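Once you know that position 118 of the sequence shown is 118 in full-length UniProt numbering, the rest is easy, because the numbers rise by one and skip nothing. For glycine and all other residues, C-beta sits at the position ideal for the given N, C-alpha and C. For clarity, every value in this text was computed on a predicted model and none was experimentally measured.
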Amino acid sequence: MDSFKALVADKTDEGTEMSIKVLEIEDLTEGDVLIDVHYSSVNYKDGMVAAKGEIAEYFPIIPGIDLAGEVIESKDDKFKKGDAVIATSYKIGTGISGGFSEIARVPAEWVVPLPEDMTLKESMELGTAGLTAGISITKLEQTGMHPDNGDVLVAGASGGTGSLSVNMLSSAGYNVVASTGSMDEVDYLKSIGAAKVIHRDEVINQDSKPVIKPVYQAAIDPVGGKTTEYIIKSLKPEGALATFGLVGGIQVRTTVLPFIGRGIHWLGVDSVFYPMEKRKKVWDRLANDLKLDIHTKEVVNEVSLEELPQVLHDIIDGKVRGRTIVNLKNS
Numbered sequence: 001m002d003s004f005k006a007l008v009a010d011k012t013d014e015g016t017e018m019s020i021k022v023l024e025i026e027d028l029t030e031g032d033v034l035i036d037v038h039y040s041s042v043n044y045k046d047g048m049v050a051a052k053g054e055i056a057e058y059f060p061i062i063p064g065i066d067l068a069g070e071v072i073e074s075k076d077d078k079f080k081k082g083d084a085v086i087a088t089s090y091k092i093g094t095g096i097s098g099g100f101s102e103i104a105r106v107p108a109e110w111v112v113p114l115p116e117d118m119t120l121k122e123s124m125e126l127g128t129a130g131l132t133a134g135i136s137i138t139k140l141e142q143t144g145m146h147p148d149n150g151d152v153l154v155a156g157a158s159g160g161t162g163s164l165s166v167n168m169l170s171s172a173g174y175n176v177v178a179s180t181g182s183m184d185e186v187d188y189l190k191s192i193g194a195a196k197v198i199h200r201d202e203v204i205n206q207d208s209k210p211v212i213k214p215v216y217q218a219a220i221d222p223v224g225g226k227t228t229e230y231i232i233k234s235l236k237p238e239g240a241l242a243t244f245g246l247v248g249g250i251q252v253r254t255t256v257l258p259f260i261g262r263g264i265h266w267l268g269v270d271s272v273f274y275p276m277e278k279r280k281k282v283w284d285r286l287a288n289d290l291k292l293d294i295h296t297k298e299v300v301n302e303v304s305l306e307e308l309p310q311v312l313h314d315i316i317d318g319k320v321r322g323r324t325i326v327n328l329k330n331s
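Here you go:
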């Protein structure tokens with residue numbers, strides 16, 4: 001394929017614009033592995049690049065921090081033509097050409113072989129959101145999280161990572177409490193595995209005490225701010241939270257008391273530059289013991305390249321629930 005279609009985001013005097021363009025291979029940034037992209041996925045970071053004109057190192061750019069497809073050619077011996085591969089995060093879609101393109105070119109050290117028990121489509125139903133959930137669960141289990149030890153809170157449960165976390169934890173035998181800003185999502189969250197659904201106001205810190213009644217053995221926190229403050233105060237002794245979001249703010253006010261009085265573990269999760277050997281192990285878990293059992297339209301929405309610009313605006317406006325994947329073979 002000498003020419004191909006891609007979504008290109010650019011800055012204008014009025015803000016940003018997105019357009020579907022026909023490009024050539026030489027229009028892509030440099031890399032070792034040329035990939036025939038089958039699927040990509042939509043993340044909040046993609047909306048920040050394409051709809052808001054933020055965080056990318058340059059414009060115009062092909063956004064899309066996730067992609068999955070088959071190798072066309074490789075300068076690196078680790079990959080050969082026809083190999084099924086995944087590439088997520090690093091600087092894909094922010095510092096180099098991304099996954100919203102029928103063809104992508106990526107550094108070999110950022111490419112993961114597709115696990116045997118996973119399809120390309122399933123890998124993008126997960127994408128960076130699923131990888132982040134998998135890293136979070138792995139880290140929490142390393143501190144002692146176990147299905148027998150009580151409830152696990154998932155904050156921001158209606159979002160992409162939140163939804164995947166709820167389902168993975170539930171499938172692994174955990175009793176999941178999901179918090180959401182919209183109680184219209186109760187049936188949805190229960191359908192994907194939540195044992196209980198509460199309003200997000202119940203997990204926002206409104207108490208001046210350094211600790212409160214212990215409730216949860218662990219928590220997945222994609223929110224930040226006062227939600228993180230509440231979680232720290234409400235964890236059981238030796239409890240843990242995995243933090244990777246900031247939609248609720250970057251400021252967290254706490255004291256050392258929960259940490260020295262209850263032995264709380266506060267785990268930061270960075271899926272962008274997560275080490276490759278650990279990354280491969282998490283992807284293997286995502287294909288096996290953390291494998292999703294939700295593939296319905298209510299959880300995973302599939303769109304074409306032409307439908308993508310509206311979705312990118314919607315994710316910034318908080319109108320996207322669950323996961324949205326982009327079918328590059330249907331554009």
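Which residues in the same chain have their Cβ closer than 7 Å to the Cβ of glutamine 217, if we skip the five residues on either side of it in sequence? So the list reads Met145, Asn149, Gly150, Asp151, Val152, Lys236 and Gly239, once near-sequence residues are dropped.
Please classify proline 275 as buried or exposed, where buried requires at least 16 other C-beta atoms within 10 Å of its C-beta. exposed
Which residues in the same chain have their Cβ closer than 6 Å to the Cβ of leucine 140, if we skip the five residues on either side of it in sequence? Ala218, Ala240 and Ala242
Excluding sequence positions up to five away, which residues of its chain have a Cβ less than 7 Å from the Cβ of serine 123? The residues are Ala68, Ile86 and Leu114.
Would you mind working out which of Gly160, Thr180, Asp314 and Val186 sits nearest valine 203, comparing C-alpha positions? Thr180
Is the CB-CB distance between alanine 6 and methionine 18 below 8 Å? no
In terms of residue numbering, what span does the beta strand (DSSP E) encompassing proline 237 cover? 235–243
Considering Cα atoms alone, identify which of Val311, Arg323 and Arg321 is closest to alanine 51. When only C-alpha atoms are compared, the closest one is Val311.
At the level of alpha carbons, what is the spacing between tyrosine 230 and serine 182? 19 Å
Report the residue ranges of all beta strand (DSSP E) runs contained in full by the region 70–144; include only those spanning at least 3 residues, in chain order. 84–88, 103–106 and 111–113
Limits of the alpha helix (DSSP H) - the one that isoleucine 260 falls within: 257–261
So which of Gly193, Gln251, Gly249 and Ser234 has the shortest CA-CA distance to residue 333? The structure shown has nothing for residue 333, since the chain only spans 1 to 331.
Look at the alpha carbon of proline 258 and the alpha carbon of isoleucine 232, and state the distance between them as a whole number of angstroms. 7 Å
Are valine 42 and valine 247 closer than 8 Å when you measure CB to CB? Taking 8 Å as the Cβ cut-off, valine 42 and valine 247 do not qualify as a contacting pair.
Classify isoleucine 220 as helix, strand or coil using the three-state DSSP reduction. strand
Assuming the contact rule is C-beta atoms closer than 8 Å, leucine 23 and isoleucine 137 should be a hit. Round their C-beta distance to whole Å, please. Actually they do not touch by this definition, with Cβ atoms about 38 Å apart.
Would the beta-carbon of leucine 164 fall within 8 Å of that of isoleucine 103? no
Cβ-based burial, valine 166 [other Cβ within 10 Å; buried from 16]: buried
Pull up the DSSP beta-bridge partners for lysine 11, would you. Thr16
Using DSSP with H/G/I as helix, E/B as strand and the rest coil, what is lysine 21? strand
Taking only three categories from DSSP, how would you classify isoleucine 198? Strand at isoleucine 198.
Simplified DSSP state of leucine 153, which is helix, strand or coil: In the displayed model, leucine 153 falls within a strand according to three-state DSSP.
What separation, rounded to the nearest whole angstrom, lies between the Cα atoms of serine 208 and threonine 255? 11 Å
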